[in-house]
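Residue numbers (our numbering): 94 to 754.
The structure under discussion appears below in the form of structure tokens.
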């Protein structure tokens, strides 16, 4: 494995606009004693490139936190482009579907935990921890999953197995060691398995899609090979390699034995407490459930919901924080919090929500009190573990502003684009005025975003626009992720001209074709019309040189005044810079890279008419390969589409064979 030590930034352009100044200030802050810094970067100013330059200069491992999986995947791809020779890894929750265990007392409803694990994301999580424990040039892009329990890095490191050519190694000892590292012996060649045939041991690590082959002669390692998992061709013959455990939660037999005793002690105490409070049913339920789990752990070393006993299995005290991804980093790592105005509150909210759900389970005899310690970090614990932070946002929140020793502005865009012109108009007649403005923009081949206050308003307004022969579609939180992507894609391609939305038209939308943003009822003070929301929404028109924004309001609220003042301040600064340096702004030109198939998926009976049923097995295999490749490339929405197609093709196969019978 490449023991990288230095970051090597590769980019076809150099820092420009406000970037050089921002990079210099942030680097000096990190080299000094600044624990908190903020990069206040406007939309399209190249904040990720600035951070990449900072990391390359300070040359320290970094954790980049994003508030959702999709944004984390985008950032991972960007950082991998800038650092192709370094370790840039992706760490998010590995659940495709997750329904946490819960109890609803009002209806006496117990909801069992249901989960569907994404194998590829699990591999990427292992790749992240492997990188952290084996090299220094590491950037981990993570979601809030980074603050959830992961297993002790000390226990994990204790069972890591380095192997070198020439080592004395007994075959049976190696097999036993692999089993203790949670590898399964079989011939499936899946991650976390191994096979032993004579003097050859093949191991498929949890973090890579390759085979590690060990060849023995007697009790000595005579050769090591790395093989391609599919073709079995030899990739290289290293003199040494390191095998990491197949699971993050490593529990030794000694610790498990101690845990079983301490769980039993806690059970007896809690049963007595419940009975003393007159909760005989709850006491009996807890006794039965926990004894069943103990029997399974004693027999198999595992039970469903074993994470609820993590305090005992990691030998922690009551209330002591769990080990998380943060504990796998070296001491001097840097934390970058992207879209911090959203991510900081999200981090702070995880602990309280988890605790409320667990307290109900404990109160009604479904779990022991120690289940409370299977939890995410609280915000204070997060603060202690992340000593140096850079918050990145176009609209930093109150926490960032209160704690940052410096707020570094990045207002000048390398492209010369300026913030959009803004105009306030009365609410009376706002819909008619919107139609008039939309008609002008559509006639010029442009696109428009309209924001409303409620989902119902968005749906009704989109329907009204359609009746006026405007190609419009609504977008809100009840629209599925894939339909949302399809709608945005159709807007960029010109299949629709207007999107009417609620809160989804804020962070992260990259739509260079949009020249007009209409904000209805802008003076209705609240979350959707706060200063932050207004600035973020206005920013959606900042990627086009003709971008402008109309706010419909009868009163100038405090939020409106601050948002408009800030937008105008930025715009004037940008215009002055462009004039001084002779820059003519140009709209961003970005190719429409559709992640969706051009044609709609046909119903099964129609597909049967155009697909030879004999080709179905081959088509299913092709789509499965495509699905795995897309997941590997972090294109999870596309992978989900491929998965849906595989499901439909399998249904087709069953339909056809059923018809033949």
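Glycine included, C-beta positions come from ideal geometry on N, C-alpha and C.
For residue i, the first and last residue of its enclosing alpha helix (DSSP H)
| i | result |
| --- | --- |
| residue 472 | 472-478 |
| residue 524 | 523-536 |
| residue 344 | Taken as a continuous stretch (DSSP letters only), residue 344 belongs to no alpha helix (DSSP H), as it is neither H nor E. |
| residue 378 | 373-393 |
| residue 295 | Careful: residue 295 lies outside any alpha helix (DSSP H), inside the beta strand (DSSP E) at 293-297. |
| residue 660 | 651-674 |
| residue 494 | 491-496 |
Local conformation of residue i per DSSP, three classes
| i | result |
| --- | --- |
| residue 277 | strand |
| residue 690 | Its pLDDT being 41, under 50, residue 690 is placed unreliably by the model, and the measurement read from it follows with that caveat. Reduced to three states, the DSSP call for residue 690 is coil. |
| residue 645 | strand |
| residue 316 | strand |
| residue 399 | helix |
| residue 716 | helix |
| residue 618 | coil |
| residue 604 | coil |
| residue 453 | helix |
| residue 358 | helix |
| residue 436 | helix |
| residue 321 | strand |
| residue 696 | The predicted position of residue 696 is uncertain, since its pLDDT is 43 and thus under 50; a value taken from the coordinates is nonetheless stated next. In the structure shown, residue 696 sits in coil (DSSP, three-state: anything other than H, G, I, E or B). |
| residue 638 | coil |
| residue 740 | helix |
| residue 366 | helix |
| residue 446 | helix |
| residue 404 | helix |
| residue 409 | coil |
| residue 753 | For residue 753, the pLDDT reaches just 46, beneath the cut-off of 50, and the residue's location in the model is therefore unreliable, leaving the point undetermined. |
| residue 721 | helix |
| residue 732 | helix |
Bridge-paired residues (DSSP) for residue i
| i | result |
| --- | --- |
| residue 207 | 192 |
| residue 129 | 482 |
| residue 336 | 254 |
| residue 502 | 133 |
| residue 516 | 643 |
| residue 202 | 197 |
Among the options, the one whose alpha carbon lies nearest that of residue i
| i | options | result |
| --- | --- | --- |
| residue 121 | 481, 555 and 662 | 481 |
| residue 358 | 163, 432, 387 and 345 | 387 |
| residue 501 | 301, 545, 98 and 143 | 143 |
| residue 436 | 559, 160 and 193 | 160 |
| residue 237 | 553, 470, 668 and 621 | 470 |
| residue 272 | 260, 257, 289 and 259 | 289 |
| residue 218 | 711, 462, 242 and 141 | 242 |
| residue 569 | 126, 595, 476 and 296 | 595 |
| residue 131 | 329, 462, 529 and 484 | 484 |
| residue 531 | 643, 248 and 429 | 643 |
| residue 489 | 479, 637 and 430 | 430 |
| residue 104 | 146, 125 and 329 | 146 |
| residue 212 | 204, 240, 176 and 283 | 283 |
| residue 508 | 576, 670, 177 and 719 | 670 |
| residue 527 | 611, 422 and 245 | 611 |
| residue 593 | 552, 563 and 577 | 552 |
| residue 662 | 646, 638, 639 and 628 | 628 |
| residue 447 | 632, 466, 128 and 258 | 466 |
Proximity test, residue i beta-carbon vs the ligand NAP heavy atom, cut-off 7 angstroms
| i | result |
| --- | --- |
| residue 298 | Annotation note on the ligand NAP: not contained in the displayed structure, which lists no ligands. |
Run of the beta strand (DSSP E) containing residue i, from where it starts to where it stops
| i | result |
| --- | --- |
| residue 289 | 286-290 |
| residue 304 | 303-310 |
| residue 431 | 427-431 |
| residue 611 | 607-612 |
| residue 628 | Here residue 628 belongs to no beta strand (DSSP E); instead the alpha helix (DSSP H) covers 624-631. |
| residue 328 | 327-329 |
| residue 510 | Unbroken run through residue 510: none, as it is neither H nor E. |
| residue 370 | Premise fails: residue 370 is in no beta strand (DSSP E) and is neither H nor E. |
| residue 540 | 540-544 |
Exercise for the section: Tell me the start and end of each unbroken alpha helix (DSSP H) in the region 107-191 that is at least 4 residues and wholly inside, in chain order. Expected result: 112-124, 140-151 and 162-175
Exercise for the section: Output the residue ranges of the alpha helix (DSSP H) runs that lie fully inside the region 212-260 and measure 4 residues or longer, sorted by chain position. Expected result: 212-227 and 246-251
Exercise for the section: Mind listing, in chain order, the continuous beta strand (DSSP E) runs of no fewer than 3 residues lying wholly within the region 556-597? Expected result: 565-568 and 591-594
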